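Novice: Once you know that position 104 of the sequence shown is 104 in the numbering used here, the rest is easy, because the numbers rise by one and skip nothing.
Just so it is clear, CB atoms sit at the ideal spot from N, CA and C, and this is done for glycine as well.
Computed from a predicted structure; not experimentally measured.
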Amino acid sequence: MTDDTWTTITRLHDWLAAHQDLPPGQEILLRVLKLSEEVGEAAQAVIGATGQNPRKGTSHSWADVEAELCDVVITALVALRTLTPDASEVFAAHLRRVADRSLSPDRSLPSVRGASQEPRTEGR
Numbered sequence: 001m002t003d004d005t006w007t008t009i010t011r012l013h014d015w016l017a018a019h020q021d022l023p024p025g026q027e028i029l030l031r032v033l034k035l036s037e038e039v040g041e042a043a044q045a046v047i048g049a050t051g052q053n054p055r056k057g058t059s060h061s062w063a064d065v066e067a068e069l070c071d072v073v074i075t076a077l078v079a080l081r082t083l084t085p086d087a088s089e090v091f092a093a094h095l096r097r098v099a100d101r102s103l104s105p106d107r108s109l110p111s112v113r114g115a116s117q118e119p120r121t122e123g124r
């Protein structure tokens, strides 16, 4: 992510904070609830883009899905910024950890389970 992205996220965070009168603990809770709302809107757009609601038919486009997913990302980054002023560093470090464990050259991709195989459970 660029510095411009994080500058905009900070500006959005500051704008939201200036227009509310909540204790910090409630502020982060509401940011996470807002994230859940945005994820629901993305799901609704997928359902609409695939025409899975017979009553509504095809009510959304894939461009709508893209926009809703962008809203999810923006809302998550604003929530992270609400939790810590070091959001960009926290995100970058976490992304590196995920990439290191997932994309390291010595990791092989897991095999695809066949339909007859039982799912593996942790600790068994």
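What residues in its chain sit with their C-beta under 6 Å from that of V72, if we drop five residues either side in the sequence?
Specialist: The answer, listed in chain order, is E38, V39 and A42.
Novice: In whole angstroms, what separates the C-alpha of W62 from that of V46?
Specialist: Cα to Cα, W62 sits roughly 7 Å from V46.
Novice: Pick out whichever of L12, H94, L69 and A76 has its Cα sitting closest to the Cα of L29.
Specialist: When only C-alpha atoms are compared, the closest one is A76.
Novice: Residues in its own chain within less than 7 Å of T10 by CB, not counting five upstream and five downstream?
Specialist: Excluding sequence neighbours, T10 sits near R81.
Novice: May I have the straight-line CA-CA distance separating M1 from Q44, to the nearest angstrom?
Specialist: Cα to Cα, M1 sits roughly 27 Å from Q44.
Novice: Which first and last residues belong to the alpha helix (DSSP H) in which S102 is found?
Specialist: First-last of the alpha helix (DSSP H) with S102: A87 to L103.
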